[in-house]
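One structure is given below, encoded as structure tokens.
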Amino acid sequence: MTKFNDLNLDPKVLKAVAEAGYETPTPIQAGAIPAALEGRDVLGIAQTGTGKTASFTLPMITLLGRGRARARMPRSLVLCPTRELAAQVAENFDVYAKHTKLTKALLIGGVSFKDQDALIDRGVDVLIATPGRLLDHFERGKLLLTGVQIMVVDEADRMLDMGFIPDIERIFQLTPFTRQTLFFSATMAPEIERITNTFLQAPARVEVARQATTSENIKQGVVMFKASRKDREGTEKRRLLRAMIDQEGDTCTNAIIFCNRKTDVDITAKSLQKYGYNAAAIHGDLDQKQRMDTLDKFRTGELRFLCASDVAARGLDIPAVSHVFNYDVPSHAEDYVHRIGRTGRAGRKGSAIMICSPRDEKYFEAVEKLTQSAIPRLENPLAGLPVEEDSAPRQDKPKSSRSRSRGRKDRSEPRAEAAEVVAVQPQPVEVVTAPEPRPERTEHRHERNDQRRESSGPRHDRRRNDRHDQPIGWGDDAPSFIRLSFAERRAN
Ligand code: AMP
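Next comes the structure, spelled out in structure tokens:
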């Protein structure tokens with residue numbers, strides 16, 4: 004079996020690795036580190052939890068050991084899809100580089116440009132960034148990428164999901180052609196394949212067994228749920244979630260609750276809080292400080308329930324999570340594997356329980372197909388109990404008026420959001436070309452196509468002067484009230 008000592012890593016790195024308590028390299032490390040140290044491009048097909056962060060950080064630190072950073076010209080670049088992952092990579096870097104003098108900067112949203120600029124100005128060896136923020140700095144002229152010798156793309160498949168591929172392509176083009184590229188993705192979608200074919204040169208391909216088969220030590224289950232009434236779906240689903248949590252009792256020391264939509268992440272967290280559960284939300288719309296604080300509280304046990312979106316929780320390394328609740332079935336089957344992989348880590352036991360509504364059934368089938376296992380159907384803990392109104396006050400229904408309460412609820416239910424949109428009144432349109440007062444219906448017809456209305460102005464005037472639009476016998480002198488009533492009749 005390969006040992007870290009066999010890998011030609013810098014002795015300072017080996018010392019840090021030993022202090023971190025690692026004895027043997029994981030398969031992705033054993034595969035990627037030697038190739039990276041030879042200066043080759045690496046294509047790593049591996050998921051989080053496989054030790055892939057160290058598989059690129061350790062050789063980077065070794066390779067960057069010689070040479071010095073120059074102002075505004077980082078020597079290496081690590082691109083991550085989310086702020087949390089970038090922050091996690093930065094933490095890993097600190098651990099593994101602690102016996103070296105290498106410097107790093109973390110460029111992520113939610114942190115002031117000024118502080119980040121100051122670091123870059125001084126010169127950094129490793130720049131860890133999310134793509135958007137990196138390009139912001141670049142466009143402000145604060146950063147040059149022409150000194151990048153090593154570029155890492157982490158979680159490329161997630162970058163694809165988040166629409167970052169054009170940014171990544173642009174960043175590739177801003178770095179020198181001679182750079183070394185270490186590229187990681189859990190899956191090889193065609194778009195990812197295209198990028199790697201374009202930007203990697205004869206990469207060493209290192210693929211580690213997919214985690215698609217879910218860990219043995221995770222107990223899984225699903226509750227099939229159908230609301231008694233469509234308009235009560237959210238309320239009843241949240242009640243079911245509480246019942247599921249309660250049923251787990253003390254075995255549920257803490258849990259991540261995944262929702263597909265950010266609105267549901269917020270609503271679920273607030274609802275749990277109302278009912279006395281120690282819960283908070285984490286998703287991409289919260290500012291960086293809030294997200295970090297919430298995560299810290301969850302890590303330290305101060306917070307018991309973390310309601311999360313996939314993007315925010317992807318790759319988070321929190322060792323002791325007893326439960327994962329899937330409030331929704333994820334629409335990408337692979338997210339199910341990622342989600343439930345947050346529990347049962349490092350040999351611990353874990354539970355992953357999911358709610359499946361009728362509209363999620365197609366996703367559920369995809370999950371079972373991917374994991375090649377039948378997820379046990381659990382009894383609904385509320386089965387047989389009367390469908391009752393919530394007894395606790397509900398935060399998502401103000402008491403003041405019926406119509407307002409419906410408005411608020413609409414925001415909580417994605418289906419109803421559409422209704423809100425439909426209810427939006429058309430903006431009044433200024434009728435530019437009509438010399439006479441016009442019946443409302445005619446205005447509406449024009450409103451539907453502003454473009455046409457504007458470009459058809461002169462023609463429109465002509466039409467109004469057309470004989471067919473005129474009351475017969477008045478020539479051009481018809482009084483406006485007669486023209487108006489004539490136009491109304493025609494419109495009808
Ligand atoms: P990653 O896939 O990079 O998110 O790593 C997952 C977890 O594995 C992290 O908690 C690392 O600290 C840990 N880890 C990485 N490499 C090793 C190793 N060789 N031996 C034991 N644990 C490791």
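Under this note's numbering, the first residue of the sequence shown carries the number 4, and numbering increases by one thereafter.
Using N, Cα and C, we set each Cβ at its ideal position, and we do this for glycine too.
It should be emphasised that the depicted structure is a prediction, and the values quoted were computed from it without experimental measurement.
Could you name the residues that DSSP lists as bridge partners for residue i?
{"i": "C310", "result": "I260 and A284"}
{"i": "N329", "result": "F261 and M357"}
{"i": "E210", "result": "I48"}
{"i": "K107", "result": "V129"}
{"i": "M295", "result": "Answer is none; M295 lacks a bridge partner."}
{"i": "F186", "result": "L46 and V156"}
{"i": "L80", "result": "L130 and M154"}
{"i": "I221", "result": "G353"}
{"i": "V226", "result": "I358"}
{"i": "R380", "result": "V225"}
{"i": "R73", "result": "M76"}
Would you mind stating whether residue i and residue j have Cβ atoms separated by less than 7 Å?
{"i": "L46", "j": "V156", "result": "no"}
{"i": "E142", "j": "P84", "result": "no"}
{"i": "I259", "j": "A205", "result": "no"}
{"i": "Y99", "j": "T56", "result": "no"}
{"i": "D363", "j": "D338", "result": "no"}
{"i": "L163", "j": "A192", "result": "yes"}
{"i": "G52", "j": "Q291", "result": "no"}
{"i": "M154", "j": "R136", "result": "no"}
{"i": "A49", "j": "V211", "result": "yes"}
{"i": "K107", "j": "F96", "result": "yes"}
{"i": "R78", "j": "G150", "result": "yes"}
{"i": "S360", "j": "H326", "result": "no"}
{"i": "I3", "j": "V225", "result": "The chain is shown from 4 up to 495; residue 3 falls before or after that span and cannot be answered."}
{"i": "P322", "j": "R348", "result": "yes"}
{"i": "N263", "j": "D160", "result": "no"}
{"i": "D44", "j": "L203", "result": "yes"}
{"i": "G68", "j": "Q32", "result": "no"}
{"i": "V324", "j": "N257", "result": "yes"}
{"i": "T199", "j": "F186", "result": "yes"}
{"i": "K265", "j": "D288", "result": "yes"}
{"i": "L146", "j": "D170", "result": "no"}
{"i": "N281", "j": "R307", "result": "yes"}
{"i": "Y278", "j": "R245", "result": "yes"}
{"i": "A132", "j": "L148", "result": "no"}
{"i": "A283", "j": "V268", "result": "no"}
{"i": "F228", "j": "I356", "result": "no"}
{"i": "L373", "j": "A336", "result": "yes"}
Evaluate residue i with the Cβ neighbour count: other Cβ atoms within 10 Å of its Cβ, from every protein chain shown; 16 or more gives buried, anything less gives exposed.
{"i": "L298", "result": "buried"}
{"i": "E87", "result": "buried"}
{"i": "D13", "result": "buried"}
{"i": "T27", "result": "exposed"}
{"i": "K6", "result": "exposed"}
{"i": "F180", "result": "exposed"}
{"i": "Q375", "result": "exposed"}
{"i": "N8", "result": "exposed"}
{"i": "P389", "result": "exposed"}
{"i": "A21", "result": "exposed"}
{"i": "R294", "result": "buried"}
{"i": "M63", "result": "buried"}
{"i": "M247", "result": "buried"}
{"i": "R75", "result": "buried"}
{"i": "A93", "result": "buried"}
{"i": "A315", "result": "buried"}
{"i": "A386", "result": "exposed"}
{"i": "S58", "result": "buried"}
{"i": "T184", "result": "buried"}
{"i": "T65", "result": "buried"}
{"i": "K365", "result": "exposed"}
For a test of your reading of the model: does the CB of residue i fall under 6 Å from any non-hydrogen atom of the ligand ATP? Yes or no.
{"i": "A57", "result": "This structure lacks the ligand ATP; the ligands present are the ligand AMP."}
Measure from the C-beta of residue i to each C-beta in chain D and report whether the shortest distance is under 7 Å.
{"i": "E210", "result": "Protein chains in the displayed structure number just one, and chain D is not present."}
Practice item. Decide yes or no for the touch test of the stretch 127 to 145 against the stretch 103 to 110: beta carbon pairs closer than 8 Å, at least 3 of them. Key: yes
Review point. Should the stretch 238 to 252 be regarded as contacting the stretch 271 to 287, the criterion being three or more beta carbon pairs within less than 8 Å?
Key: yes
Point to revise | Any 3 or more C-beta pairs closer than 8 Å across the stretch 113 to 125 and the stretch 33 to 40 | key: no
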